Structures are given as structure tokens and as C-alpha cells.
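Following this note's numbering, the numbering of the sequence shown begins with 34 at its first residue and continues without gaps.
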Amino acid sequence: MLSLNINGRDTEIRSDPATPLLWVLRCELKLTGTKFGCGIGVCGACTLHIDGAAQTCCTKPVAQLHGVKITTIEGLEGAEARALKAAWTRIDVVQCGYCQSAQLMAASALLKHNHKPGPADIDQAMTPVVCRCGTYPRIRDAIYEASGQTRR
Ligand code: FES
Ligand code: FES
């Protein structure tokens, strides 16, 4: 049986090894914070962390993920995550909320590797995650606030 490390725990997976990680998380493990948008790797709604990097998971068969560390929104923790969640709340970033797990996963991966991101860094990190509600300006403000920078 395949075992995956998810949110710090080794977890046995019963699904077919060809199943994309997104569906194993949502259907088998009931970790529904990671969202389905397009299913073809272009909208970013299913963004999570694989070995600390923000990646989509709707096209990644679980068979390819043995031995890596997977973090979902349910397991997101640490100083950057706390700062981002606080800024997200204070600035009231969220509208419908559908994309916001992915936005936080992308933003936390960014801050983990770049404590003071500039506009181009933020654009590069956040552009892959589509927000149909257009919360981009507030996402940007929240990332500045979480990283202790003045808004630009
Ligand atoms: S659902 Fe995975 S990128 Fe759109
Ligand atoms: S908050 Fe609605 S899609 Fe982003």
C-alpha cells in the first residue's frame, strides 16, 4: 500500500496510485480545504506545498509522491502562516473564499523563502492562483503587512 507524508504524518493511501493527489485528499482523506477548479493545472485552486514549494496537485498521481512532504491548508503552520492569516483577517481579503486556501499556500511559500518580497516577487508567486472575485489588491496588501513592509 502506498504511504504519503501529509501534514507531518505518514498516511496509508487506498486509492489507485494513478489518482491525482487532489482527489485522494478530498475524497479519501476528507481534507477538503484544497479546492478543485480546472483539473488541468492552470487555475491554481488546488495549490499546496510539496517539500515546501507551492505546487498544484490536480494532475499529480499519488504514485509519484512517495517520499515527499505534502502540506495542505489544514496543516499550514509556522510564523509566516500566522502572520499571513492575521493580515488576511485584518485586511478582510476574502470574498467568496473559494481560491483563498490556495492563495495562502502560495503566499506562505513565498514568505518562507523571501521575507521581504517586492512587487515583482509577489506577482511571480501569486499570478498562478486565479481569483475570480478579484481580491488581488488586498492579497498584495496582506502580504506586505505580513512581511512587515509598508504597502506600496
Ligand atoms: S484545479 Fe488544479 S490547477 Fe486548477
Ligand atoms: S475570493 Fe472568490 S475566487 Fe477568490
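Built from N, CA and C at the ideal position, the CB exists for glycine as well.
Given the structure is predicted, the values throughout are model-derived calculations rather than measurements.
Quick check on the DSSP output: the beta strand (DSSP E) that includes residue i runs from which residue to which?
| i | result |
| --- | --- |
| Asp43 | 42-46 |
| Leu64 | First-last for Leu64: undefined, no H or E at that position. |
| Ser180 | Unbroken run through Ser180: none, as it is neither H nor E. |
| Leu37 | 35-39 |
In terms of residue numbering, what span does the alpha helix (DSSP H) encompassing residue i cover?
| i | result |
| --- | --- |
| Leu144 | 133-146 |
| Met159 | 152-159 |
Just verifying my parser: in three-state terms, what is the DSSP assignment at residue i?
| i | result |
| --- | --- |
| Pro53 | strand |
| Thr168 | coil |
Taking all protein chains shown into account, do 16 or more other C-beta atoms lie within 10 angstroms of the C-beta of residue i, making it buried, or fewer, making it exposed?
| i | result |
| --- | --- |
| Lys149 | exposed |
| Ala153 | exposed |
| Thr183 | exposed |
| Ala140 | buried |
| Glu113 | buried |
| Arg173 | buried |
Scan the segment 73-117 and note each continuous beta strand (DSSP E) run of 3 residues or more that stays entirely inside, going in chain order. 81-83, 86-88, 102-104
The segment 59-67 touching the segment 120-128, judged by at least three CB pairs closer than 8 angstroms: no
Mind the definition here: the segment 40-56 touches the segment 94-110 only if three or more C-beta pairs lie below 8 angstroms; say whether that holds. yes
May I ask you to verify whether the segment 151-166 touches the segment 100-111, counting CB pairs closer than 8 angstroms and requiring at least 3? no
Contact between the segment 131-138 and the segment 109-120 (3+ Cβ pairs under 8 angstroms): yes
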